[in-house]
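In this text, residue positions in the sequence shown follow this note's numbering: the first is 303, and each later residue adds one. Cβ coordinates follow ideal geometry from the N, Cα and C atoms, glycine included. To start, the structure itself, in structure tokens.
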Amino acid sequence: MSVPCVAVARERGEAVRERLADACLLDGDHRIAVDGDTIYIPVTDPGALPDDLADSLVERDAAERDRPKTPAEILGYEPSLERLGDIVIVDEDDDERAREIADAVMASDLPCETVLNRASPIEGELRVRRWDVLAGNGTETVHREYGHEFALDVAEVYFSPRLATERHRVIEQVTPDESVIDMFAGVGPYAIPMAARGADVVACDLNDVAIDYLRENAERNGVAERVTAIAGDVRETTDAYADTADRLVMNLPHSADAFLDTAVALAGEECALHFYDIQHEDDPFGPGTRAIREAAGAEYDVSVETEHVVKSYAPHEYNVCLDVRLTRR
Ligand code: SAM
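Okay, here's the thing in structure tokens:
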């Protein structure tokens, strides 16, 4: 197809291309071509060319450029998608529409090996959900978050990429040589970056598969010597760490209050506690604060340092985090 091009000597090509781009005159739909010592740069609006380039205007055949194709361009609407490593997660109740989106994702330029749709809510003590595999064949992947790699199998362990910012907020508070206990550690998205900041981390989880991945992830991120991984119920497996923690992470929002006696037993003289909770919007921080004060009893002073809304969880309900300081009396 014949399009307007500026024809210039090859050695001037890059400078002219930059001028055209700065003036928004570069035609991105057609390829730049070279013929002998001349370079042909397609332009969008010949009438707007500066005089010195207008003198070099020619008409010339130019090949169309392959443009990246997004799922939205293929579908004609913007689907709701989430990325987890090389997995794309669709959030669709309608099976037919989910399959249509999966086909578009696979036909697009998104780097992706597998497309999954949520087949159940997050369930049970291990907080895992079921999935429909719409394309590809695996539920295992390696996800990158703030420079760290986490291998995981979404069908076997809990992991939410949506919490990356919240995890980072908490991780940034860690200083070298702290003793941290992550009571509900999953595959290590708190424990491993905290160890990378120089903390010694004890990471516990009831899910054996999560602990296997956590150990692999500690190796993968070069912090294995700073991470002690423990499989089992944190109430029964962490006696050896009583009175040691400078920092406790309690990321089990629906039932963390049932573990506050263990948290208080693990806390050292002065301990930062990150307590996740799900509560009604009318009083999102009150129940957690009261439960922590009750568990601390006369043993610790309790000071609430941050009341933080992580995200909306359901209509009128919030996922929140209380950053609390426990100081032994
Ligand atoms: N902190 C991780 C993250 O951000 O990905 C995992 C959080 S997930 C909401 C809660 C984790 O607590 C799950 O991996 C689950 O297996 C674990 N869990 C549940 N009950 C537990 C218990 N009694 N002792 C230790 N871990 C437990």
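CB contact flag (residue i, residue j, <8 Å)
{"i": "residue 386", "j": "residue 417", "result": "no"}
{"i": "residue 508", "j": "residue 428", "result": "yes"}
{"i": "residue 620", "j": "residue 611", "result": "yes"}
{"i": "residue 310", "j": "residue 382", "result": "no"}
{"i": "residue 395", "j": "residue 480", "result": "no"}
{"i": "residue 305", "j": "residue 364", "result": "yes"}
{"i": "residue 622", "j": "residue 597", "result": "no"}
{"i": "residue 463", "j": "residue 407", "result": "no"}
{"i": "residue 561", "j": "residue 525", "result": "no"}
{"i": "residue 389", "j": "residue 410", "result": "no"}
{"i": "residue 336", "j": "residue 369", "result": "no"}
{"i": "residue 488", "j": "residue 459", "result": "yes"}
Euclidean distance between Cα positions of residue i and residue j
{"i": "residue 512", "j": "residue 493", "result": "12 Å"}
{"i": "residue 404", "j": "residue 449", "result": "28 Å"}
{"i": "residue 344", "j": "residue 400", "result": "40 Å"}
{"i": "residue 533", "j": "residue 474", "result": "26 Å"}
{"i": "residue 593", "j": "residue 577", "result": "10 Å"}
{"i": "residue 543", "j": "residue 529", "result": "14 Å"}
{"i": "residue 616", "j": "residue 564", "result": "29 Å"}
{"i": "residue 321", "j": "residue 315", "result": "10 Å"}
{"i": "residue 568", "j": "residue 628", "result": "11 Å"}
{"i": "residue 441", "j": "residue 555", "result": "25 Å"}
{"i": "residue 261", "j": "residue 347", "result": "The requested residue 261 is not part of the displayed model; the chain covers only 303 to 631."}
{"i": "residue 392", "j": "residue 571", "result": "46 Å"}
{"i": "residue 582", "j": "residue 380", "result": "31 Å"}
{"i": "residue 608", "j": "residue 484", "result": "19 Å"}
{"i": "residue 351", "j": "residue 397", "result": "52 Å"}
{"i": "residue 354", "j": "residue 384", "result": "49 Å"}
{"i": "residue 618", "j": "residue 587", "result": "14 Å"}
{"i": "residue 604", "j": "residue 541", "result": "23 Å"}
{"i": "residue 510", "j": "residue 334", "result": "56 Å"}
{"i": "residue 330", "j": "residue 371", "result": "15 Å"}
Cut-off 6 Å between Cβ atoms - residues of its own chain near residue i, not counting five sequence neighbours on either side
{"i": "residue 424", "result": "431"}
{"i": "residue 590", "result": "577, 579 and 624"}
{"i": "residue 499", "result": "476"}
{"i": "residue 421", "result": "432, 433 and 434"}
{"i": "residue 455", "result": "441 and 442"}
{"i": "residue 466", "result": "447"}
Same chain, Cβ closer than 7 Å to residue i, five either side skipped, listed in chain order
{"i": "residue 490", "result": "452, 505, 516, 519 and 520"}
{"i": "residue 496", "result": "473, 476, 482 and 503"}
{"i": "residue 469", "result": "491 and 492"}
{"i": "residue 378", "result": "none"}
Start and end residues, alpha helix (DSSP H) containing residue i
{"i": "residue 324", "result": "315 to 324"}
{"i": "residue 589", "result": "588 to 598"}
beta-carbon residue i near the ligand PLP non-hydrogen atom, thresh 7 Å
{"i": "residue 387", "result": "As far as ligands go, the structure on display features the ligand SAM and does not contain the ligand PLP."}
Limits of the unbroken beta strand (DSSP E) element including residue i
{"i": "residue 336", "result": "335 to 337"}
{"i": "residue 569", "result": "569 to 582"}
{"i": "residue 420", "result": "416 to 420"}
{"i": "residue 309", "result": "304 to 311"}
{"i": "residue 452", "result": "450 to 455"}
{"i": "residue 445", "result": "442 to 447"}
{"i": "residue 605", "result": "602 to 616"}
Residues near residue i in its chain [Cβ-Cβ closer than 8 Å; skip 5 each side]
{"i": "residue 361", "result": "304, 305, 306 and 307"}
3 or more residues per run - each beta strand (DSSP E) lying fully within the region 465 to 547: For the region 465 to 547, whole beta strand (DSSP E) runs of length 3 or above, ordered along the chain, are 481 to 484, 502 to 507 and 529 to 533.
What are the complete beta strand (DSSP E) segments, minimum 3 residues, inside the region 353 to 402? Entirely contained in the region 353 to 402, the beta strand (DSSP E) runs reaching 3 residues are, in chain order, 359 to 363, 383 to 386 and 389 to 392.
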